[in-house]
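Student: Under my numbering, the first residue of the sequence shown carries the number 2, and numbering increases by one thereafter.
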Amino acid sequence: MPVYKKVTLLGSGSFGKAFLVMEKGGDGTKFVLKSIDMSGMDAVAREETLNEAKVFACIPPHPFIVRYRRSYILEDQLCIVMEHCAGGDMHSRIQRQKKKNERFQEAQITLWLAQALLGLKHLHERHILHRDLKPQNLFLNERDDLLIGDFGIAKVLDSTHSCARTTIGTPYYFSPELCQQHRYSFPSDVWSLGCIIYEMVSNALPHCALAVPFRAQSLKCLVKTIANTPVGAHPPLKSAMEPLCVPAVPSVYSAELRQLVTDMMQKDPSKRPTVHQMVSLPFIQVRLYSSGDEHVFGAFWASH
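This is the structure we're talking about:
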């Protein structure tokens with residue numbers, strides 16, 4: 002098994018630590034090594050932690066999914082080695098745009114959306130529900146391609162008609178059915194991706210006022226807002242702490258993109274488009290063809 006040399010600490014949190022590493026005696030290629038301490042875990046927590054490596058390892062390579070390299074346990078640390086995305090994550094990119102007070106160009110948003118859809122389609126066709134799509138889990142490589150990563154709470158369903166029930170994920174990107182603790186499936190991932198695209202086009206989260214901090218007082222209030230507020234609603238606030246409505250997508254973007262975001266964030270999961278349907282939309286296909294990128298072409302044709 003290769004030995005890895007740590008280059009720098011990329012981040013740390015409840016999951017453990019992530020390091021930029023190089024293989025000793027290798028060609029200098031950089032990877033990310035995610036190290037998770039399992040020493041204090043009970044059997045259930047340990048199994049849940051090992052799930053990330055199991056799910057990650059079973060995903061066939063795809064140009065828009067962070068590539069798994071290997072995993073191993075060393076001194077009760079689960080180590081997962083994966084592709085390094087030199088462009089950072091989408092959260093950082095969005096924050097830079099907000100600081101500059103600039104909007105993303107529609108061509109860029111549509112290309113990233115198309116890449117995310119192709120990656121998500123690859124997962125859903127293999128009955129894998131991501132369950133935690135958010136800007137921090139979408140990565141950018143040196144070509145500025147978007148790649149889906151971080152499968153820490155992904156779930157492999159028995160079939161495309163199966164559902165999960167565990168309330169898990171990132172609150173701002175919770176789907177209504179997840180908030181209400183109903184059974185949920187692939188449409189929940191579609192909702193989360195819709196929230197991310199909404200954030201790109203508006204420079205704000207769907208359940209926040211544009212360009213100001215979120216005003217809800219608690220997670221309970223956030224969940225209520227997500228479950229009960231339609232996209233595009235504009236009733237006046239009665240108090241500064243009242244849950245905010247979801248403003249419509251800015252009109253500077255095309256009707257096709259605005260409608261798609263609205264469709265992805267339908268409260269009824271059965272009314273949301275599937276990733277296959279979205280990849281087949283004319284304006285998405287035009288963007289895929291016009292990109293001139295062989296990675297996009299290859300992924301697109303492989304999905305048909």
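Even glycine gets a Cβ: it sits at the ideal position worked out from N, Cα and C.
The model shown is predicted, which means the values in this text are computed figures rather than measured ones.
Which residues does DSSP pair with Asp269 in a beta bridge?
Tutor: Paired residues: none, contrary to the question.
Student: For Arg78, which of helix, strand or coil comes out of DSSP?
Tutor: Looking at the sequence shown, residue 78 is not Arg but Gln. Strand.
Student: Which two residues bound the contiguous beta strand (DSSP E) that contains Leu139?
Tutor: Here the beta strand (DSSP E) through Leu139 covers 139-141.
Student: If you draw a straight line from the alpha carbon of Met83 to that of Glu24, how long is it in whole angstroms?
Tutor: Near 12 angstroms, if we compare the C-alpha coordinates of Glu24 and Met83.
Student: Tyr73 to Glu103, Cα distance in whole Å?
Tutor: When rounded, the distance between both Cα atoms is 43 angstroms.
Student: The beta strand (DSSP E) with Ser40 in it runs from where to where?
Tutor: First-last for Ser40: undefined, no H or E at that position.
Student: Report yes or no: do three or more beta-carbon pairs, one from the stretch 120-136 and one from the stretch 53-64, lie closer than 8 angstroms?
Tutor: A contact exists between the stretch 120-136 and the stretch 53-64.
Student: Rounded to whole angstroms, what's the CA-CA distance from Phe140 to Gln98? Just pull it up for me.
Tutor: Whole-angstrom Cα-Cα distance: 16 angstroms.
Student: Would you say the beta carbon of Pro251 is closer than 8 angstroms to some non-hydrogen atom of the ligand GTP?
Tutor: Inclusion of the ligand GTP in the displayed structure is not the case, the ligand content being empty and no account of it being possible.
Student: Return helix, strand or coil for Val22, following the three-state DSSP convention.
Tutor: It is a strand residue.
Student: Going by the beta-carbon positions, is the gap between Leu21 and Thr9 smaller than 9 angstroms?
Tutor: Yes, Cβ-Cβ distance for Leu21 and Thr9 is below 9 angstroms.
Student: Classify Lys100 as buried or exposed, calling it buried when 16 or more other Cβ atoms lie within 10 Å of its own Cβ.
Tutor: When all chains shown are included, Lys100 counts as exposed.
Student: Quick one: what's Met279 bridged to in DSSP?
Tutor: Per DSSP, none; premise fails for Met279.
Student: Going by Cα to Cα distance, which pick from Lys272, Asp264, Ala108, Lys7 is closest to Val33?
Tutor: Answer by Cα proximity: Lys7.
Student: Thr167: buried (16+ other C-beta within 10 angstroms of its C-beta) or exposed?
Tutor: With a pLDDT of only 46 at Thr167, under the threshold of 50, the placement of this residue in the model should not be trusted; the figure read from the coordinates follows. By the neighbour-count rule (16 or more Cβ atoms within 10 Å), Thr167 is not buried but exposed.
Student: For chain B, check one thing: does any of its Cβ atoms lie closer than 9 angstroms to the Cβ of Leu112?
Tutor: Note that chain B does not occur in the displayed structure, where there is just one protein chain.
Student: Since Ile149 is in the beta strand (DSSP E), which residue starts that stretch and which ends it?
Tutor: It spans 147-149 - the beta strand (DSSP E) in which Ile149 sits, taken as one unbroken run.
Student: Do Thr111 and Arg288 have their C-beta atoms closer together than 9 angstroms?
Tutor: Yes, the Cβ-Cβ distance between Thr111 and Arg288 is below 9 angstroms.
Student: What does a CB cutoff of less than 7 angstroms around His277 pick up in its chain, not counting 5 residues either side in sequence?
Tutor: If we look at His277 and ignore the five residues flanking it on each side, its Cβ neighbours are Lys122.
Student: Drop a sphere of 10 angstroms on the beta-carbon of Val4, count the other beta-carbons inside from all chains shown, and report buried for 16 or more, exposed for fewer.
Tutor: That one is exposed.
Student: How is Gly195 classed by DSSP in three states: helix, strand or coil?
Tutor: In this structure, Gly195 counts as helix in the three-state DSSP scheme.
Student: Does the separation of the CB atoms of Asn142 and Ala87 fall below 9 angstroms?
Tutor: For Asn142 and Ala87, yes; Cβs fall inside 9 angstroms.
Student: CB-CB under 6 angstroms to Phe57, same chain, minus the five flanking residues each way: which ones, in chain order?
Tutor: Closer than 6 angstroms at the Cβ level, and outside the excluded window around Phe57, lie Tyr69, Phe152.
Student: So, using beta-carbon positions, are Lys135 and Ser189 closer together than 9 angstroms?
Tutor: Not closer than 9 angstroms, so no.
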